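The next block holds one structure in the form of structure tokens; read it before the comments.
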Amino acid sequence: GNVIDPLEMIDEIGADALRFALTVGTAPASDQQLTDAKLDGARNFSNKLWNAARFVLGARPDELAEPYGDANLPERWIRSRLAEATARATRQLDGLDLGGYTAGIYDFAWSDYCDWFVEMAKVDLRRPDALPGEQARVWRTAADCLAGMLRLLHPIMPFITEQVWATLHEVEPRATNGEPLLIVAAWPADGGRDEASEVEMSDLAELVRGVRNLRTEARLPAGAWLPLAVVPADAASRAVLERSAPYISALARVRPIDLRDSADVGEQGSLVTAVRLGTAWLEAPAPSGGTDARGEARARLLARIERLRGLLANAGFVERAPAAVVARERERLAELEEQLRRL
34 GNVIDPLEMI DEIGADALRF ALTVGTAPAS DQQLTDAKLD GARNFSNKLW
84 NAARFVLGAR PDELAEPYGD ANLPERWIRS RLAEATARAT RQLDGLDLGG
134 YTAGIYDFAW SDYCDWFVEM AKVDLRRPDA LPGEQARVWR TAADCLAGML
184 RLLHPIMPFI TEQVWATLHE VEPRATNGEP LLIVAAWPAD GGRDEASEVE
234 MSDLAELVRG VRNLRTEARL PAGAWLPLAV VPADAASRAV LERSAPYISA
284 LARVRPIDLR DSADVGEQGS LVTAVRLGTA WLEAPAPSGG TDARGEARAR
334 LLARIERLRG LLANAGFVER APAAVVARER ERLAELEEQL RRL
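Going by my numbering, the residue at position 32 of the sequence shown is 65; the numbering climbs one at a time, nothing skipped.
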């Protein structure tokens, strides 16, 4: 009666989620802390995987044409990330680093595949002017990478991956190489990295995160569409922004996107961020009461900065707290000061 009953947890969150929770974050010769938060996180991951698979399987065009055209940035990037995840997972399993293996596959599945690629694939699959062959190419990339992800996840989450694999095999046997059972399917091979696509995607993600942070700091409605203006850093950056505008619009909830040659930022309601692709700003709506969004964000940042400065000026905290904690607070202060500088 003083421990978690695994059979009860299986009834509540599923066997795969329990297996995942028991493995993630573990290290040799260390005790395992099985908390409610870890169990909830494992259940949420199972749901995330299931929902992503349901989208991919449901998004298959009724008439799957022959793929047409060259792979776009999201396609090249996700295949490169899958190659990196495969090489890392193989290395970690060979070294019996189960905690590292589980964490690495989690990062790829949740962040790279679900949060970024799937959302960008939706843009391509739903584009009114997309040719059937272009939609087929994007969908096959989504299906192929889903199959690769299922192969990597199968050792730790055998039940949900086997179920999704069976449905994927029915919908698109080519994605499963004609193998109806995942448990006897071949372990995936490293397909090779595409470093250029990873650099370009990293720059694009930095811009999207910067705009999202501006919205969060200014407490703007998450679903509101806001105009975005960008001054590209150079000609190459302008080209990236032009071909990636539909993805930026969908991921950051911005439209229209105006590429300019010089900055012209207004004093009221302008929220500015500087990234490698250039300088961007949102024209936030002026709130009631006469205060502007940028001023409110500045005030909140200053309050957080002053709190951290006071904490780090406290000799007792600096001397007694673990060095890692002090270092983390200093890094956080530097990040906030950089945000304030950009604002």
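All C-beta atoms in this analysis are idealised placements derived from N, C-alpha and C, irrespective of residue type, glycine included.
All values reported here derive from a predicted model rather than from experimental measurement.
Anyone know if the C-beta pair for residue i and residue j falls short of 8 Å?
i	j	result
A40	L55	A small correction: the amino acid at residue 40 is Leu; Ala does not occupy that position in the sequence shown. Contact flag unset, no.
G311	V358	no
R173	P100	yes
A122	M182	no
L369	R337	yes
L304	A251	yes
T59	G132	yes
L247	T306	yes
D69	M190	no
L158	V171	yes
A262	D227	no
L240	A313	yes
W258	V287	yes
I111	A75	no
V197	G243	no
A169	A154	no
V204	L335	no
Is residue i helix, strand or coil when you go by DSSP?
i	result
T31	An answer regarding residue 31 cannot be provided, because it is not within the stretch 34 to 376 covered by the chain.
P206	helix
S321	Confidence at S321 is low in this model, with a pLDDT of 47, below 50, so the placement of that residue is unreliable and no value is reported for it.
T68	coil
L292	strand
A307	strand
M190	coil
Y101	coil
A60	coil
P213	coil
W220	coil
D162	coil
R226	coil
D127	helix
P39	helix
Q301	Model confidence at Q301 stands at a pLDDT of 45, short of 50, so the residue's coordinates are unreliable; what they give is reported in the following sentence. Coil at Q301, not helix or strand.
A242	Here residue 242 turns out to be Arg, not Ala, going by the sequence shown. R242 falls in the helix class under three-state DSSP.
A54	helix
D254	As written in the sequence, residue 254 is Pro, which differs from the Asp given in the question. In the structure shown, P254 sits in coil (DSSP, three-state: anything other than H, G, I, E or B).
G34	coil
G47	coil
Give the straight-line distance between the Cα atoms of residue i and residue j, rounded to the nearest whole angstrom.
i	j	result
A367	L345	12 Å
S235	P107	11 Å
A120	D223	6 Å
D73	L51	10 Å
D148	A354	36 Å
E167	V156	12 Å
D177	N84	17 Å
R365	A118	29 Å
G137	S270	30 Å
R207	R109	19 Å
E212	L201	10 Å
P161	V217	40 Å
E362	G349	15 Å
N35	V57	22 Å
G343	F88	48 Å
F192	V151	23 Å
V98	V273	Looking at the sequence itself, residue 98 is Ala, so the reference to Val does not match. Approximately 28 Å, taken between the alpha carbons.
I37	D140	27 Å
A86	L179	7 Å
G323	L373	Reliability of the predicted coordinates at G323 is poor, the pLDDT of 46 falling under 50, and the value obtained from them is presented with this limitation in mind. Rounded to whole angstroms, G323 to L373 spans 21 Å at the Cα level.
R333	D64	40 Å
A356	N210	51 Å
A62	G128	15 Å
P188	S79	14 Å
Residue i lies in the beta strand (DSSP E); which residues open and close that run?
i	result
A259	Looking at the sequence provided, one finds Leu at residue 259 rather than Ala. That run of the beta strand (DSSP E) goes L259 to P265.
If I follow the unbroken alpha helix (DSSP H) through residue i, where does it start and stop?
i	result
A20	Nothing about residue 20 can be read from this structure; the chain reaches only from 34 to 376.
Y146	Premise fails: Y146 is in no alpha helix (DSSP H) and is neither H nor E.
E152	E152 to L158
E96	From DSSP, E96 is part of no alpha helix (DSSP H); its letter is neither H nor E.
R353	A348 to R353
Would you say the beta carbon of residue i comes nearer than 7 Å to a heavy atom of the ligand FMN?
i	result
R76	Ligands are entirely absent from the displayed structure, and the ligand FMN is therefore not among its contents.
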